[in-house]
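The numbering of the sequence shown is my numbering, which starts it at 1 and goes up by one.
The beta-carbon is built from N, C-alpha and C at its ideal position, and this holds for glycine as well.
To start, the structure under review is shown below, and the notes come after it.
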Amino acid sequence: MSTRATYQQPNAQGYYGLFGGAYIPEMLHRNVEDLRTKYMGIIYEKEFQKEFQYLLRDYVGRPTPLYLAERLSEQFGTTIYLKREDLCHTGAHKINNTIGQILLAQRLGKKRIIAETGAGQHGVATATVCALKGVECIVYMGEKDIERQAPNVARMKMLGATVIPATSGSKTLKDATNEAIRDWINNPHDTHYIIGSVVGPHPYPDMVARFQSVISEEMRKQLLEKTGSELPTHVMACVGGGSNAAGAFYHFLDELSVQLIAVEAAGHGIDSGLSAATTALGKPGILHGSKSLLMQTDDGQVVEPHSISAGLDYPGIGPLHAHLFKSGRGTFLSVTDEDALTAAFELAKLEGIIPALETAHALSALKQMKFKKEDVVVICLSGRGDKDLATYMETIT
């Protein structure tokens, strides 16, 4: 690996610019070092790639379509494509990463898998690949998220996973991650932790981004076929930890003509005290094993995040995204709960597609942009809205 960080990959210590690294307890050092020294050799080995690509094609259903949203395009006076990650098996992009990590875990000789989940999509994707490979699966999920994402909890249990509630703090994604890390510390030898986003200690942010980069790899090929150019003018994606955005941005990171638009959750408003807009509110800090931007008090205590979307309810962002923000390579916007809900209903009525609440934030941000008629905009439709129907139904009169 290069010793000099680029947008696409960190330096040898796992830093993207000022952000990244591996801040871990001694008990996890061996596990993380084992991963760091072996993952690149394993994931680009011929037999690994053969099985990975086979499962992405025949199990996940890739490539996912790049859909020209004609009525949405007409509304905004430009050309808008939706990258349909909602059509993946399990209903979101999360499966791309869990397929890669279960194959890696097997090659590392791990017999037990743990994961954290917020919206439940990563938990379902992890439970799915564990069922596929016959591996024990434990998923940690905030008690609050268990209540608001009941269908995904049922799916995980049906797939054979054990779902353990996190009952501390805000009882959401941050707290589920804390519990998963505690489990890993107690079971370092036989357990692999499938982190669901581009967060955590190096090499996780890089590894997850590589597994998700299939999204932008397909985008380039599909755009060339549809428009005659591999490059759009804009790529837009929602960001909690940032896995779907990392995947959607990856193969455009060094194409400076492509504007990268990341959309965070403003909750009740950036200054309301109930928000998850990390780039607007955060400052450098260490959480869950890496240095990044983090919502925190003056004395370094984590500020509890809020979003109507369980998948964006996180007080930080991955180090790649922190670097994109600080360097100016990415533009970071934020969208309130109310505006995200409005955007979800608009897409449903314009295009017959019910998006996940996470994706609805990216869709809403279209209203904050100014586009030219000749622009080509790609939005990563990271997941489908089935899991959010209970929330959507509360607003239907």
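Count Cβ pairs between the segment 266 to 274 and the segment 237 to 247 that sit closer than 8 angstroms; are there 3 or more? Judged by Cβ distances under 8 angstroms, the segment 266 to 274 makes no contact with the segment 237 to 247, as fewer than three pairs qualify.
Please give the ranges of any beta strand (DSSP E) in the segment 8 to 96, keeping only runs that are unbroken, at least 3 residues long and fully inside the region. List check, beta strand (DSSP E) in window: 66 to 68, 79 to 84.
Cutting at 8 angstroms between CB atoms, please list the residues of its own chain near Tyr39, excluding the five before and the five after it. So the qualifying residues of the chain are Leu104, Pro203, Met207.
Proximal residues to Arg220 (C-beta, below 7 angstroms), its chain only, five neighbours per side dropped: The beta carbon of Arg220 lies closer than 7 angstroms to those of Glu230, His251 in the same chain, with the five residues before and after it left out.
Spell out the partners DSSP gives Thr117 in its beta bridges. According to DSSP, Thr117 bridges with Met141.
Length at least 4, wholly inside the segment 149 to 185: the alpha helix (DSSP H) runs in chain order: As far as the segment 149 to 185 is concerned, its whole alpha helix (DSSP H) runs of at least 4 residues are 150 to 158.
Assign Gly300 to one of two classes, buried (16 or more other C-beta atoms within 10 Å of its C-beta) or exposed (fewer than that). Exposed: under 16 other Cβ atoms inside 10 Å.
Give the DSSP-derived three-state secondary structure of Glu136 in the structure shown. In this structure, Glu136 counts as strand in the three-state DSSP scheme.
For Val124, three-class secondary structure by DSSP: In the three-state DSSP reduction, Val124 falls in the helix class (H, G or I).
For Phe211 and Asn97, believed in contact at Cβ under 8 angstroms, the rounded distance: Yes, they are in contact, since the Cβ atoms of Asn97 and Phe211 sit about 4 angstroms apart, within 8 angstroms.
Going by other Cβ atoms of all chains shown within 10 Å of its Cβ, with 16 needed for buried, is Ala12 buried or exposed? It counts as exposed.
Opening and closing residue of the beta strand (DSSP E) in which Ser292 lies: Start and end: 290 to 294.
Which ranges would you report for the alpha helix (DSSP H) in the segment 320 to 375 if only whole runs of at least 4 residues count? Unbroken alpha helix (DSSP H) runs of no fewer than 4 residues, entirely contained in the segment 320 to 375, are found at 337 to 351, 357 to 364, following chain order.
Going by DSSP, which residues form a beta bridge with Met236? Under DSSP, Met236 shares a beta bridge with Ile261, Ile379.
Mind reading off the beta-carbon distance from Leu287 to Gly316? Whole number of angstroms is fine, and I expect it under 8 angstroms. Sure, about 5 angstroms apart at Cβ, within 8 angstroms.
Taking the C-alpha atoms as reference points, what is the distance between Glu351 and Asp190? Between the C-alpha atoms of Glu351 and Asp190 there is a straight-line separation of about 46 angstroms.
What is the DSSP secondary structure of His192, counted as helix, strand or coil? Residue state, collapsed to three classes: strand.
CB Lys133 to CB Ile102, shorter than 8 angstroms? The answer is yes: Cβ separation under 8 angstroms.
Helix, strand or coil at Ile396 according to DSSP, with G and I counted as helix: DSSP, reduced to helix, strand and coil, places Ile396 outside both helices and strands of the structure shown, so it counts as coil.
Is it the case that the Cβ atoms of Lys83 and Val378 are separated by a distance below 8 angstroms? In this structure, Val378 lies closer than 8 angstroms to Lys83 by Cβ.
Compute every distance between the C-beta of Ile396 and the non-hydrogen atoms of the ligand HEM, then say whether any falls below 7 angstroms. Inclusion of the ligand HEM in the displayed structure is not the case, the ligand content being empty and no account of it being possible.
Should Gly247 and Val199 be called a contact, given that it needs their Cβ atoms to be closer than 8 angstroms? No, the pair does not count as a contact, with Cβ atoms beyond the cut-off.
Between the C-alpha atoms of Phe304 and Lys50, what's the straight-line distance to the nearest angstrom? What sits at residue 304 in the sequence shown is Glu, not Phe. If I take the Cα positions, the gap works out to 42 angstroms.
Per DSSP, which residues does Arg220 bridge with? Please list them. According to DSSP, Arg220 bridges with nothing at all.
Close-in-space but distant-in-sequence residues of the same chain around Lys32 (CB under 6 angstroms, 5 per side omitted): Sequence check: residue 32 is Val here, not Lys. Ala22, Ile24, Pro201.
Helix, strand or coil for Ile308 per DSSP? Three-state DSSP puts Ile308 in coil, outside helix and strand.
Closest Cα partner of Leu281 within the set Ser334, Leu324, Met156, Arg36: For Leu281, the closest alpha carbon among the candidates Ser334, Leu324, Met156, Arg36 is that of Ser334.
Could you compute how far the alpha carbon of Pro95 sits from the alpha carbon of Leu55? The sequence as given places Ile at residue 95; Pro does not occur at that position. Between the C-alpha atoms of Ile95 and Leu55 there is a straight-line separation of about 10 angstroms.
Per DSSP, Ala276 forms a beta bridge with which residues? According to DSSP, which records beta bridges pairwise, Ala276 is partnered with Ala265.
Beta-carbon proximity of Ile99 to Ile138, cut-off 8 angstroms: No, the Cβ-Cβ distance between Ile99 and Ile138 is not below 8 angstroms.
According to DSSP, is Gly247 part of a helix, a strand, or is it coil? Gly247: helix per DSSP, three-state reduction.
Since Thr278 contacts Leu256 with CB under 8 angstroms, what's their CB separation in whole angstroms? The pair is not a contact, with the Cβ atoms about 24 angstroms apart (cut-off 8 angstroms).
Answer yes or no: do Ala176 and Met141 have a C-beta to C-beta separation smaller than 8 angstroms? In this structure, Ala176 places its C-beta atom within 8 angstroms of the C-beta atom of Met141.
Does DSSP classify Ile270 as helix, strand or coil? DSSP places Ile270 outside both helix and strand once states are collapsed to three, so it counts as coil.
Does DSSP classify Gly300 as helix, strand or coil? In the structure shown, Gly300 adopts coil according to DSSP, grouped into three states.
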